[in-house]
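Asks: Protein chains in written order, with our numbering: chain A, 1 to 266; chain B, 1 to 259.
Note that CB positions come from ideal geometry on N, CA and C, so glycine has one too.
Please read through the structure below; I'll follow up with questions.
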Ligand SMILES: Nc1ncnc2c1ncn2[C@@H]1O[C@H](COP(=O)(O)OP(=O)(O)O)[C@@H](O)[C@H]1O
Ligand SMILES: [Mg+2]
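Laid out in structure tokens, this is it:
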């Protein structure tokens, strides 16, 4: 986290209003957020508080209606075209007619890399996510957790400095989820990418993050930012440590302090 | 899209059952014609039809080629036009708005009924009228299915492509087209049967004195029942060949379309 680098994400007074057939929805109002290079930040909050919207604005999948948004000092659109970020969603979103290899290599192929270069990079990535044996499988031959790992590998393909993840483990069982959380902290450390991670789960947010951003709905805004700053490695022992429980409590109180309709919703 | 299994039959039964039905049917047919001798004159027994099919294979094959070629040309041209128009309609609302009512109208026209008009338009010595009928018949299912298929891309896939900075050409090549492929092959399977039927039936409405349909009409009128039925068998062979090839394509294309 060198301060000389431009911030991975710098949002200043960002608004997003959706205009639909049934009037306007203010999904985000006045969001200020800075994510440093290499930092791991989670967005947490009840359904409809605009977590996905904020992530999609950063990804230039939606356009903000107010404020400014910079990704590594560029516009979101420029950052998307430069493939400065990789993205993964709750649904793995793999192409069913492509093998694992060709799914992971898709972003490289779209950017005109030849087959040889792609193959080398895909080999690195499958090793990174532990899927070397499955490169020639098709998605329908993989479990949900394995599909999600392919999606993460694909997001990392063009060596982005920023990884955007929208509840990537939301559809997985608890065991797989905890396993992939540990894997993700390792991958984030290895690639030194900044991560913006959307989740519903307090323990997940605390386990993964340097900072947890707490949001509340109507209109979607940031109500609190909690420094997790747990020292040392994120391993299974951490999940049992008093410091960890203390942060979980802090985030829970921050969530409940704001008005929350259904705090336990996943 | 995936076929629904009507309760799990044991594997062997799935092959044996249709064969058994065929054998029983043939048995009843022979009982009716040869043993009881009660059948009308125009219904010969299956053995004499088969003998006639073998004996006259040369001329039957020549007429099969004529009808089969008409059906194939109609199928290929009709499908190509349908794919091109569907691609345009998927991209442009204006084209979609113009094509939709046209296709709906075309779908309710009994297409073979316009054959006499086409024959008169293009001359009675040309196969063009028949090919045009086959083409029109093939056009509809291909257009409808391809247009639907081009609209089946999933939001999460579109997001992945946009996030990767894909151009619209790349998105079409690597996402929209592969998503639509199983729909295309389903349309082609439906179109292949329609093209054969249309090309054959169109021959009943005049045009050159060649082809399976013309021969069936001629020999039925002159009372040569065995030969007329042998030609019917020839027509069935064409239909089966088209159907099998199209089904194979469909299977290959839909193998990985789920998940
Ligand atoms: N494409 C859209 N059109 C209209 N409203 C939308 C759209 N996407 C999200 N919204 C609305 O914006 C608000 C925030 O949604 P979202 O960002 O998905 O919340 P979260 O991810 O925190 O559950 C919700 O009220 C939702 O209904
Ligand atoms: Mg969401």
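Going along chain B in order, which residues have a C-beta closer than 8 angstroms to the C-beta of residue 93 of chain A?
Replies: Against the first chain, residue 93 of chain A aligns to sequence position 93. 154, 156, 157, 159, 160, listed in chain order.
Asks: Near residue 90 of chain A, which residues of its chain fall below 7 angstroms by C-beta distance, leaving aside the five closest residues on each side in sequence?
Replies: By one-based count along the first chain, residue 90 of chain A stands at place 90. So the list reads 166, 167, 168, 170, 171, once near-sequence residues are dropped.
Asks: Could you check whether the Cβ of residue 27 of chain A sits closer than 8 angstroms to any heavy atom belonging to ligand 1?
Replies: Translated into the one-based positions of the first chain, residue 27 of chain A becomes position 27. For ligand 1, at least one heavy atom lies less than 8 angstroms from the Cβ of residue 27 of chain A.
Asks: Buried or exposed: which applies to residue 181 of chain A, given that a residue is buried once 16 or more other Cβ atoms fall within 10 Å of its Cβ?
Replies: Numbered from 1 along the first chain, position 181 holds the residue referred to as residue 181 of chain A. Residue 181 of chain A is buried by the Cβ-count criterion.
Asks: For residue 138 of chain B and residue 145 of chain B, what's the separation of their Cα atoms in angstroms?
Replies: Against the second chain, residue 138 of chain B aligns to sequence position 138. Against the second chain, residue 145 of chain B aligns to sequence position 145. Straight-line Cα distance between these residues: approximately 11 angstroms.
Asks: With a threshold of 9 angstroms between beta carbons, is residue 163 of chain B in contact with chain A?
Replies: Taking the second chain and counting its residues from 1, one reaches residue 163 of chain B at position 163. Output row for residue 163 of chain B: interface = yes.
Asks: Please say whether residue 40 of chain A and residue 185 of chain A have beta carbons closer to each other than 9 angstroms?
Replies: Taking the first residue of the first chain as position 1, residue 185 of chain A is located at position 185. Taking the first residue of the first chain as position 1, residue 40 of chain A is located at position 40. Against a cut-off of 9 angstroms, the Cβ pair of residue 40 of chain A and residue 185 of chain A comes out as a contact.
Asks: Is it buried or exposed for residue 221 of chain B, if we count other Cβ within 10 angstroms and need 16 for buried?
Replies: Position 221 of the second chain holds residue 221 of chain B. It is exposed - the Cβ of residue 221 of chain B has fewer than 16 other Cβ atoms within 10 Å.
Asks: So, under 8 angstroms CB-CB, residue 122 of chain A and residue 66 of chain A are touching, yes? Tell me the CB distance rounded to an integer number of Å.
Replies: One-based indexing of the first chain puts residue 122 of chain A at position 122. One-based indexing of the first chain puts residue 66 of chain A at position 66. Contact flag wrong, Cβ pair sits at about 41 angstroms.
Asks: Would DSSP call residue 123 of chain A helix, strand or coil?
Replies: For the purposes of this step, residue 123 of chain A is identified with residue 123 of the first chain, where counting begins at 1. Residue state, collapsed to three classes: helix.
Asks: Rank A/88, A/37, A/47 by C-alpha distance to the C-alpha of residue 61 of chain A and give the top, closest one.
Replies: Here residue 61 of chain A refers to the residue found at position 61 of the first chain. Closest option to residue 61 of chain A, Cα to Cα, is A/88.
Asks: Using the beta-carbon of each residue, which ones in chain B are nearer than 9 angstroms to residue 59 of chain A?
Replies: Sequence index remark: in the first chain, residue 59 of chain A carries index 59 (1-based). Those are 159, 162, 163, listed as they occur along chain B.
Asks: Distance check for residue 202 of chain B and residue 112 of chain B, CA to CA, integer angstroms please.
Replies: In the second chain, counting from the first residue as 1, residue 112 of chain B sits at position 112. In the second chain, counting from the first residue as 1, residue 202 of chain B sits at position 202. In a straight line, the C-alpha of residue 112 of chain B is about 6 angstroms away from that of residue 202 of chain B.
Asks: Might you give, ordered along the chain, the residues of its own chain that have their beta carbon closer than 7 angstroms to the beta carbon of residue 204 of chain B, omitting 5 neighbours on each side?
Replies: In the second chain, residue 204 of chain B corresponds to position 204, counting from 1. Correct list, in chain order: 213, 217.
Asks: Taking residue 86 of chain A and residue 157 of chain A to be in contact with their CB atoms under 8 angstroms, please state how far apart those CB atoms are, rounded to whole angstroms.
Replies: Numbered from its first residue, the first chain carries residue 86 of chain A at position 86. Numbered from its first residue, the first chain carries residue 157 of chain A at position 157. With a Cβ gap of about 7 angstroms, residue 86 of chain A and residue 157 of chain A count as contacting.
Asks: Leaving aside the five residues before and after residue 205 of chain A along the sequence, list all residues of the same chain whose C-beta is less than 6 angstroms from its C-beta, in chain order.
Replies: On the first chain, position 205 is the one that residue 205 of chain A refers to. These residues qualify, in order along the chain: 42, 44, 199, 212.
Asks: Any idea what DSSP makes of residue 22 of chain B, helix, strand or coil?
Replies: Position 22 of the second chain, counting from 1, holds the residue named residue 22 of chain B. Helix.
Asks: Could you check if residue 157 of chain B is buried or exposed, using at least 16 other CB atoms within 10 Å of its CB as the buried criterion?
Replies: Walking along the second chain from the start, residue 157 of chain B turns up at place 157. Burial call: buried.
Asks: Which partner residues of residue 28 of chain A appear in the DSSP bridge assignment?
Replies: Locating residue 28 of chain A in the first chain gives position 28, where the first residue counts as 1. Looking at the DSSP assignment, residue 28 of chain A forms a beta bridge with A/16.
Asks: Applying a beta-carbon distance threshold of less than 9 angstroms, which residues of chain B neighbour residue 89 of chain A?
Replies: The count along the first chain starts at 1 and reaches residue 89 of chain A at position 89. Ordered by position in chain B, the residues that pass the 9 angstroms Cβ test against residue 89 of chain A are 156, 159, 160.
Asks: Taking residue 81 of chain A as the query, report the chain B residues whose CB atoms sit under 9 angstroms from its CB, ordered along the chain.
Replies: Translated into the one-based positions of the first chain, residue 81 of chain A becomes position 81. Going along chain B in sequence order, the residues near residue 81 of chain A (Cβ under 9 angstroms) are 165.
Asks: Looking at residue 227 of chain A and residue 214 of chain A, is the spacing between their C-beta atoms short of 9 angstroms?
Replies: Within the first chain, numbered from 1, the residue matching residue 214 of chain A stands at position 214. Within the first chain, numbered from 1, the residue matching residue 227 of chain A stands at position 227. Against a cut-off of 9 angstroms, the Cβ pair of residue 227 of chain A and residue 214 of chain A comes out as no contact.
Asks: Touching or not, the region 47-56 of chain B and the region 223-233 of chain B, by the rule of three or more beta carbon pairs under 8 angstroms?
Replies: With the cut-off at 8 angstroms, the region 47-56 of chain B and the region 223-233 of chain B touch.
Asks: For residue 107 of chain B, which residues of its own chain have a beta-carbon under 7 angstroms away from its beta-carbon, when the five flanking residues on both sides are left out?
Replies: Numbered from 1 along the second chain, position 107 holds the residue referred to as residue 107 of chain B. Answer for residue 107 of chain B: 140, listed in chain order.
Asks: Let me check one thing: in DSSP terms, what residues is residue 221 of chain A bridge-paired to?
Replies: Working through the first chain from its first residue, we reach residue 221 of chain A at position 221. Bridge partners of residue 221 of chain A: A/216.
Asks: Under 8 angstroms from any heavy atom of ligand 1, does the C-beta of residue 215 of chain A make it?
Replies: Numbered from 1 along the first chain, position 215 holds the residue referred to as residue 215 of chain A. Checking every heavy atom of ligand 1 against the Cβ of residue 215 of chain A, one is found closer than 8 angstroms.
Asks: Report the residue from A/196, A/140, A/132, A/229 whose alpha carbon sits nearest the alpha carbon of residue 54 of chain A.
Replies: Translated into the one-based positions of the first chain, residue 54 of chain A becomes position 54. Per the Cα distances, A/196.
Asks: Please classify residue 16 of chain A: is it buried, with 16 or more other beta-carbons within 10 angstroms of its beta-carbon, or exposed?
Replies: Indexing the first chain from 1 puts residue 16 of chain A at position 16. The residue in question, residue 16 of chain A, is buried, as its Cβ has 16 or more Cβ neighbours within 10 Å.
Asks: Would you please verify whether the beta carbon of residue 154 of chain A is less than 9 angstroms from any beta carbon of chain B?
Replies: Looking up residue 154 of chain A in the first chain gives position 154. So yes, residue 154 of chain A belongs to the interface.
Asks: When the cut-off is 9 angstroms and only beta carbons count, does residue 265 of chain A lie next to chain B?
Replies: The residue labelled residue 265 of chain A in the question sits at position 265 within the first chain. Confidence at residue 265 of chain A is low in this model, with a pLDDT of 46, below 50, so its placement is unreliable and the value that follows should be read with caution. Chain B, which has no Cβ nearer than 9 angstroms to the Cβ of residue 265 of chain A, makes this no.
Asks: Expressed to the nearest angstrom, what Euclidean distance is found between the alpha-carbon atoms of residue 178 of chain A and residue 134 of chain A?
Replies: The residue you call residue 178 of chain A lines up with position 178 of the first chain. The residue you call residue 134 of chain A lines up with position 134 of the first chain. Cα-Cα distance, rounded: 22 angstroms.
Asks: Between residue 29 of chain A and residue 162 of chain A, which are expected to be in contact by the criterion C-beta below 8 angstroms, what is the C-beta distance as a whole number of angstroms?
Replies: Walking along the first chain from the start, residue 29 of chain A turns up at place 29. Walking along the first chain from the start, residue 162 of chain A turns up at place 162. Contact doesn't hold; Cβ gap of about 24 angstroms is too wide.
Asks: For residue 273 of chain A, count the other beta carbons within 10 Å of its own beta carbon; 16 or more makes it buried, fewer makes it exposed. Which is it?
Replies: Lying before the first or after the last residue shown, residue 273 of chain A is absent from chain A, which here runs from 1 to 266.
Asks: So, at 8 angstroms on beta carbons, what are the nonlocal neighbours of residue 259 of chain B in its own chain, with the 5 sequence-adjacent residues on each side left out?
Replies: Walking along the second chain from the start, residue 259 of chain B turns up at place 259. Confidence at residue 259 of chain B is low in this model, with a pLDDT of 39, below 50, so its placement is unreliable and the value that follows should be read with caution. Closer than 8 angstroms at the Cβ level, and outside the excluded window around residue 259 of chain B, lies no residue.
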